[in-house]
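Numbering (our numbering), first residue to last: 105 to 289.
Heads up: the structure comes next, in C-alpha cells.
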Ligand code: ATP
Ligand code: MG
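What follows is the structure in C-alpha cells.
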C-alpha cells in the first residue's frame with residue numbers, strides 16, 4: 105500500500121518591512137493616537153502587505169524567490185498620512201493618500217509574476233495600508249495624521265505562522281529596489 109503525504113505548506117506574503125527609523129515613527133504615531141479599543145498589532149509585526157499568497161507548497165518557494173529576484177522597480181517614498189477605520193475587516197490602519205507610481209508598478213509585477221507561476225492573486229486595486237489595531241468595531245472617523253515618510257528601498261517575502269498569541273512573521277528573503285540583486289534575509 106502506498107501512503108501519500110500532503111506537501112508541507114507555508115503561509116506567505118510579499119511586503120514592505122519598516123526599518124528602525126520608520127518603526128520608531130510608527131510607534132510614536134500609534135502612541136499619539138491613543139487607540140482605546142480593539143487589539144493592538146505588536147509593533148514587531150508592523151508591515152505593509154504588497155501581495156498575499158496564502159498557504160503555498162514549499163516546493164514553490166524557490167520559484168517565487170527567483171521570480172521576485174527578477175523584478176525591479178524604482179525606489180520611492182510611501183507617505184502614510186491618514187488614519188482609517190475599515191469597518192468590515194474591523195481594522196484601524198494608516199493609509200497613503202497617494203500611491204507612488206513605482207510601488208503600484210512593483211505590485212503589478214508581483215501579481216503578474218505569481219500569476220505566471222499558477223497563483224491567483226487578488227484583483228482588487230492595491231491600497232497600501234499598515235494595520236495598527238484589529239477588532240476595532242466602534243466607529244472611528246478617518247482623519248489626517250502627522251505624515252510618516254517611509255523610504256521604500258526593498259521588498260521582502262514573509263512567512264506567517266500562528267501561535268496562541270497571534271501571528272508570528274519571519275522575513276525569508278529581501279530584494280533591493282533600483283538595481284543590484286541580493287537575496288539573503
Ligand atoms: P491573523 O490572521 O492572525 O489575524 P494576519 O492577518 O496579520 O494575522 P495573515 O492572515 O497571515 O496574518 O496575513 C498576512 C498579511 O496578509 C496581513 O497583512 C493580512 O492583512 C494580509 N492578508 C491576509 N489574508 C489576505 C487576503 N485574503 N487578501 C489580501 N491580504 C490578505
Ligand atoms: Mg489574517
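Ideal Cβ positions, reconstructed from N, Cα and C, are used throughout, including at glycine.
Under the three-state reduction of DSSP, residue 175 is assigned to coil, being neither helix nor strand. Beta-bridge partners of residue 264 (DSSP): 115, 273.
Beyond the five residues adjoining it in sequence on each side, residue 115 comes within less than 6 Å, by CB distance, of 159, 264 in the same chain, given in chain order. Runs of the alpha helix (DSSP H) spanning 4 or more residues and lying entirely within the segment 188-229 occur at 205-220, in chain order.
Pairing residue 211 with residue 169, the inter-Cα distance amounts to about 15 Å. DSSP places residue 133 in the helix class (H, G or I) of the three-state scheme. In the same chain as residue 180, and ignoring 5 residues on each side of it, the C-beta atoms closer than 7 Å to its own belong to 204, 206, 207, 256, in chain order. The beta carbon of residue 222 lies closer than 6 Å to none in the same chain, with the five residues before and after it left out. The DSSP assignment places complete beta strand (DSSP E) segments of no fewer than 3 residues inside the segment 140-177 at 152-161, in order along the chain. Rounded to whole angstroms, the gap between the alpha carbons of residue 234 and residue 108 is 40 Å.
If you look at residue 248, you'll find it in the beta strand (DSSP E) that goes 247-256. With contacts defined as CB atoms closer than 9 Å, residue 236 and residue 137 qualify as a contacting pair. Counting along the chain, the unbroken beta strand (DSSP E) around residue 234 starts and ends at 233-238. Taking the Cα positions, residue 176 is about 17 Å away from residue 220. Not one heavy atom of ligand 1 is found less than 8 Å from the C-beta of residue 188. Residues 122, 127, 130, 234 of the same chain have their beta carbon placed closer than 7 Å to that of residue 150, with the five preceding and five following residues left out of the count.
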